[in-house]
Amino acid sequence: MPNKITTIVSPASYQRQQQQQRLIDNNKKNRILIVDDDKPDNNTTLKLDLERNGFIVNTFTDPLVALDNFRAGLFDMVVLDKRMRKMNSVDLHNKFKKIDDKVRVCILSPSEIY
8 MPNKITTIVS PASYQRQQQQ QRLIDNNKKN RILIVDDDKP DNNTTLKLDL
58 ERNGFIVNTF TDPLVALDNF RAGLFDMVVL DKRMRKMNSV DLHNKFKKID
108 DKVRVCILSP SEIY
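In my numbering, the protein residues as written are 8 to 121.
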């Protein structure tokens, strides 16, 4: 019986490879959309940190405006505040996923982790 070679790829490594391939396939530029209707300063701080790391970031305080802009551009990730006044974050998550089922969505909460 010939020797068999097994390649083991860690989940994190595999995810990075998939992410890189997806970026190449879709000609995306590491774009992130942030929606937080509570404190615009939070958006600015997160935006600056992400931009320092090479991301293109768009921030919105109105979830409906964010949704309209999502349709206009291609984003790799959406970051949502858990508690928004105009729209429930889970409903907004579902709307983003309906437009692009491959987009990653992160819902942030000051007191809980999801």
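Each residue gets a CB set at the ideal place from its N, CA and C atoms; glycine is no exception.
This structure is a prediction, so every number in the text was calculated from the model and none was measured.
| Item | Value |
| --- | --- |
| C-beta atoms of F82 and R38 nearer than 7 Å | yes |
| Alpha-carbon spacing of V86 relative to N60, whole angstroms | 16 Å |
| Cut-off 6 Å between Cβ atoms - residues of its own chain near F67, not counting five sequence neighbours on either side | V42 and A73 |
| Own chain, CB closer than 7 Å to I106, minus 5 neighbours either side, in chain order | F77 and R78 |
| Buried/exposed call for L71, threshold 16 Cβ in 10 Å | exposed |
| Three-state secondary structure assigned by DSSP to R90 | coil |
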